[in-house]
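Mind the numbering: the sequence shown is residues 8 to 291 in our numbering, read in order. Built from N, CA and C at the ideal position, the CB exists for glycine as well. Beneath this line is the structure, given in structure tokens, with notes to follow.
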Amino acid sequence: ARIGDLLAAKRTLSFEFFPPKTNQARLTLGKTVGDLEALEPDFVSITYGAGGSDRHRTGDVVGWMRDETTLEPMAHLTCQGHTRTEVASLLVDYRKRGVANILALGGDAPADGTAGKSDYTYALDLLHDVAASQSFSIGVAAHPEVHPRSESRAADRRHLADKMRLADFAITQFFFEVEHYERLVDEMAALGIDKPIVPGIMPITNKAQISRMAEMSGAALPTWLVDRLGYVDDPVHVRRLGIELASKLCNDLIAAGAPGLHIYTLNRSATAKEIVANLELATV
Ligand code: FAD
């Protein structure tokens with residue numbers, strides 16, 4: 008199924024995974040996918056390593072999901088570090104494997120300077136090529152708190168609007184307050200964009216990890232959140248607080264009219280399951 012069509016029909020529930028690198032991690036993902044399949048998500052997505060480092064791993068996971076599970080997979084694809092020829096051959100592979108959905112991303116240059124030759128700079132360049140293949144429902148990334156490399160908030164929104172005119176939907180970077188999402192949706196509406204913007208939710212399960220990820224993504228950890236995390240140290244309590252906050256954010260987003268909820272799982276099922284159990288609308 009095409010995610011664009013799914014979003015037109017109902018509020019979606021989706022989960023994000025990353026491709027495992029070790030046998031142990033493969034077993035964990037297999038178990039996680041089995042657990043979460045029972046929740047009947049509308050689709051799932053598989054990330055892609057910057058510069059193509061996970062090229063085959065992403066394709067393998069997506070292909071396995073199509074063949075062996077009931078899940079509808081979306082393959083992430085980042086374009087920095089890729090040539091047009093490489094992207095064309097990846098798209099042919101995905102089409103052959105029956106993959107119907109691609110998240111078209113810019114990606115980041117690898118920190119170690121090992122970037123290969125690149126025919127692309129921005130996600131929009133890739134989007135043109137994916138759209139030209141006429142084979143996929145296409146999503147793009149949105150950054151509620153503005154992407155760290157944007158010249159300004161207005162420029163960030165203009166570039167996103169350019170992407171959304173070609174894509175079917177957007178999925179957001181994570182954030183911790185519903186106001187960031189509402190403001191993004193309003194700003195896109197002011198630019199004439201009313202396609203679905205699905206919020207991405209990152210449950211906090213580990214204090215050091217969430218600080219690191221927030222810094223990389225440009226998401227702010229609000230003072231009230233830092234304060235509340237300051238009161239807990241024991242990992243069990245951190246996780247419980249993370250589930251409570253993510254569940255509240257999801258319910259706030261449903262009330263704000265979000266067209267779907269996309270939960271970052273970090274390849275674990277327990278947290279995502281508890282959050283879904285806490286959702287207030289059976290229609291999710
Ligand atoms: P772009 O849309 O290219 O934007 C990047 C920056 O360039 C922005 O600041 C934008 O404002 C600016 N810009 C765009 N066009 C122009 C222009 N013409 N002139 C000047 N500036 C411009 N990373 C991975 O490596 N693998 C993944 O699987 C992955 N999945 C993700 C999933 C989601 C839902 C999200 C939100 C992010 C994901 N990322 C992933 C991270 C993403 O690759 C980085 O955030 C990356 O830095 C930006 O990607 P983008 O697609 O938003 O890029």
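Write down the C-beta distance between L134 and K170 rounded to the nearest angstrom, noting that I regard them as a contact closer than 8 angstroms.
-> For the purposes of this step, residue 134 is taken as the residue at position 127 of the sequence shown. For the purposes of this step, residue 170 is taken as the residue at position 163 of the sequence shown. Yes, they are in contact, since the Cβ atoms of L134 and K170 sit about 6 angstroms apart, within 8 angstroms.
How should N30 be labelled, buried or exposed, when 16 other C-beta atoms within 10 angstroms of its C-beta is the threshold for buried?
-> Position 23 of the sequence shown, counted from the start, is the residue given in the question as residue 30. Flag for N30 reads exposed.
With a cut-off of 8 angstroms on the beta carbons, I'd call S144 and G11 a contact; round off their distance for me.
-> If you number the sequence shown from 1, residue 144 lands on position 137. If you number the sequence shown from 1, residue 11 lands on position 4. The pair is a contact, with the Cβ atoms about 4 angstroms apart (cut-off 8 angstroms).
Segments of 3+ residues assigned as beta strand (DSSP E) that fall wholly inside the region 187–274 | If we require 3 residues or more, the beta strand (DSSP E) runs fully inside the region 187–274 come out as 267–271.
Taking 8 angstroms as the cut-off, is the CB of P311 close to at least one heavy atom of the ligand FAD?
-> Any question about residue 311 goes unanswered here, given that the chain covers just 8 to 291.
If you scan the region 26–90 from start to end, which runs of the alpha helix (DSSP H) of 4 or more residues do you find wholly inside it?
-> Counting only runs of at least 4 residues, the region 26–90 fully encloses the following alpha helix (DSSP H) elements, listed from N- to C-terminal order: 30–44 and 62–75.
Cβ contact (3+ pairs, closer than 8 angstroms) linking the region 214–223 and the region 171–180 = In this structure the region 214–223 does not lie against the region 171–180, because fewer than three pairs of beta carbons, one per stretch, are closer than 8 angstroms.
For the 8 angstroms Cβ check, are there 3 or more pairs between the region 32–51 and the region 256–276?
-> A contact is defined here as three or more CB-CB pairs under 8 angstroms, and the region 32–51 meets this definition with respect to the region 256–276.
Bridge partners of F22, per DSSP?
-> For the purposes of this step, residue 22 is identified with residue 15 of the sequence shown, where counting begins at 1. F22 is bridged to V51 and I270.
Burial state of D163 (16 or more Cβ within 10 Å) = As a position in the sequence shown, residue 163 is number 156, starting the count at 1. Answer is buried; the Cβ neighbour count reaches 16.
Who does T179 pair with in a DSSP beta bridge?
-> If you number the sequence shown from 1, residue 179 lands on position 172. Looking at the DSSP output, T179 sits in a beta bridge with A149.
What is the residue span of the alpha helix (DSSP H) that L286 lies within?
-> To locate residue 286, count along the sequence shown from 1; it is residue 279. If you look at L286, you'll find it isn't in any alpha helix (DSSP H); DSSP assigns it neither H nor E.
Relative to the ligand FAD, is the shortest distance from any of its heavy atoms to the C-beta of A162 smaller than 8 angstroms?
-> Taking the first residue of the sequence shown as 1, we reach residue 162 at position 155. With a cutoff of 8 angstroms, A162 counts as near the ligand FAD, since its C-beta is closer than that to a heavy atom of the ligand.
Using alpha carbons as the reference points, say which of L286, Y271 and G267 lies closest to A16.
-> Position 9 of the sequence shown, counted from the start, is the residue given in the question as residue 16. The closest CA to that of A16, considering only L286, Y271 and G267, is found on G267.
Just the C-alpha distance for A45 and S159, rounded to the nearest angstrom, thanks.
-> To locate residue 45, count along the sequence shown from 1; it is residue 38. To locate residue 159, count along the sequence shown from 1; it is residue 152. In this structure, the CA atom of A45 is about 43 angstroms from the CA atom of S159.
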